[in-house]
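In full-length UniProt numbering, the protein residues as written are 1 to 572.
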């Protein structure tokens, strides 16, 4: 009897185990099959402030996740978006949450397509060592002297459905003249009417930082008249009193949050030599700054996305493909990650985010010329293109001769890039002893020194655009105290919002190249002497220092970003 009871119990246990195993197999089967089918349900984020949802037709809704961008290089982008992540508005991230939660709609096909595009690029990144020696080798390797136009870009929309005011753009080259030419006086008009021309995006919710910027704007507009200043030379500025007040308020108030996300070599790896040095020096000095940078993003007025456009191109661009799609997609995915991880982008639609790029990038839907390419005067910032020959001593060889010892009227030498330089040479090469206009100079150190000596001995240095609208010659001329002659229709000079470029440079329309000598000779000698003095005075604003100093290039770039952000603010 006891044996029968024992057998019956074992039989029951066996049945239970069998049912359990069958149930487990069924669950696993359902999970597997479900994961292979399109999701039709909505997945939304929630917090203690309530629940908001996004609705759309025939799309998949994905919850906001706290994703480390470092993970993207080693695992599937699509899987990282939906697995093994912490919601951005979880308890540990509540300090970044708000009443209006940022929700991003992501098409599953977009994520998978992005993963396919990035897979090969990430393999390249994985092969690159990120130790100090590798970083040094990379910065030394990618400083070749090719001409590109630097810009600091903000302002368009992405395919993800939210405005992307910090834009990624594709590189184009100037092979034909611009269809429309905007003269300098019209650029000035656009600057003075910037608020009407570019209405700012209303933040989804107001913040303490917005009120601080509005208060700052009023203080700048009502700046007391500056009588004399030992550090600033009045004729260089549109309004030296406003600039002085704005700079003081920037030093006292401005806080910048630098995103830590992103892997080398595209992120956090500054290039400090060559004509791409501006983005590298700014990155180096911004990331190492203790005065402006804050660890708490809720205290920030501006948000810096620290990637190198040069390294982005080198790492992802397929040579001779003429296809920039994967580069744009890479930046879009990074921006999407920032927008999903933090609420700050979505609060202002990216109006307070910026990056510094030394390529002539332009939005896909626009053309290649500076203003025509979507550049917004008074909103975007034109970045000086500085050719740094020594990373250890970025001020090497700076200086020049006084006006009385400059016996060459005008000088130019360079490759025949673009459509404009061949025109310049056709009119002036070997045509006039006062006009030293050459093609490319021979390679080598001696030739470089000869180039510098020509600049130091010339009254005027011709800055004719090449493939791109900007040229390092503008800043080089300032370095060597040679009055720059800018021949580049639609070019917006650096720090246009605060500097009066007509005071220390000559701007010549491309159509007037045949009249170039007459234009220069028409400038009275005393006027030239005064312009040359102003070039010497303005030079302090275009120089890099290993440790930033007041009014130097690092501070001027940061100030222009600050200044334009302040003046795009509107009281409600």
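Ideal placement from N, C-alpha and C gives every residue a C-beta, glycine not left out.
Query	Result
Any 3 or more C-beta pairs closer than 8 Å across the stretch 551 to 562 and the stretch 281 to 295	yes
Whole-angstrom distance between residue 392 and residue 553, CA atom to CA atom	16 Å
Own chain partners of residue 246 with C-beta closer than 6 Å, once the 5 adjacent residues on each side are dropped	220 and 563
Contact set for residue 140: own chain, Cβ-Cβ below 8 Å, skip 5 residues either direction	Its pLDDT being 46, under 50, residue 140 is placed unreliably in this model, and the value from its coordinates should be taken loosely. 273.
Inter-residue Cα distance where the pair is residue 231 and residue 222	21 Å
Runs of alpha helix (DSSP H) wholly within the stretch 247 to 325 (minimum 4 residues, chain order)	277 to 287 and 309 to 316
Alpha-carbon to alpha-carbon, residue 427 and residue 514	6 Å
Residue 525 classed as buried or exposed, judged by whether at least 16 other C-beta atoms fall within 10 angstroms	exposed
Inter-residue spacing [alpha-carbon to alpha-carbon] between residue 300 and residue 523	47 Å
Where residue 206 falls, given that 16 or more other Cβ within 10 Å makes a residue buried	exposed
Inter-residue Cα distance where the pair is residue 434 and residue 224	46 Å
Coarse secondary structure for residue 369, derived from DSSP in three states	Low per-residue confidence applies at residue 369: pLDDT is 37, beneath 50, and the placement is therefore not dependable enough to give any value.
For residue 460 and residue 600, believed in contact at Cβ under 8 Å, the rounded distance	Missing from the structure shown is residue 600; the chain here goes from 1 to 572 and no further.
Burial state of residue 308 (16 or more Cβ within 10 Å)	buried
Minimum C-alpha distance to residue 181 - residue among 491, 548, 542 and 536	491
Cβ-based burial, residue 343 [other Cβ within 10 Å; buried from 16]	buried
Cα-Cα separation, residue 540 to residue 511	32 Å
Closest by C-alpha distance to residue 235, when choosing among 545, 536 and 544	536
Given residue 573 as reference, the closest of 409, 447 and 398 once Cα atoms are compared	The question about residue 573 has no answer, for the chain in this structure spans 1 to 572.
For residue 458: DSSP bridge partner residues	408
Cβ pair count under 8 Å reaching 3, the stretch 458 to 475 against the stretch 398 to 414	yes
Of the listed residues 227, 243 and 253, nearest to residue 209 (C-alpha basis)	253
Identified DSSP bridge partners for residue 226	Answer is none; residue 226 lacks a bridge partner.
Option nearest residue 507 by Cα separation, candidates 474, 239, 226 and 498	474
Alpha-carbon to alpha-carbon, residue 263 and residue 90	Residue placement at residue 90 is flagged as unreliable, the pLDDT there being 32, under the threshold of 50; a coordinate-derived value is accordingly withheld.
Buried/exposed call for residue 185, threshold 16 Cβ in 10 Å	exposed
CB-CB length for residue 476 against residue 387, believed under 8 Å	6 Å
Other residues of its chain near residue 249: CB distance less than 8 Å, five sequence neighbours each side excluded	216, 219 and 220
Residue range of the alpha helix (DSSP H) that includes residue 556	553 to 567
Rounded distance between the beta-carbons of residue 311 and residue 265, thought under 8 Å	5 Å
Spatial distance of residue 412 from residue 463 (CA atoms)	7 Å
Status (buried if at least 16 other CB within 10 Å, exposed otherwise) for residue 470	buried
Nearest-angstrom Cα separation, counted from residue 286 out to residue 345	20 Å
Residue 500 Cβ short of 7 Å to the ligand SAH heavy atom set	Within the structure as shown, the ligand SAH is missing, as the structure has no ligands at all.
Sequence-distant residues of the same chain with beta carbon closer than 6 Å to residue 438, five excluded per side	413
Alpha carbon of residue 292 to alpha carbon of residue 256, nearest angstrom	6 Å
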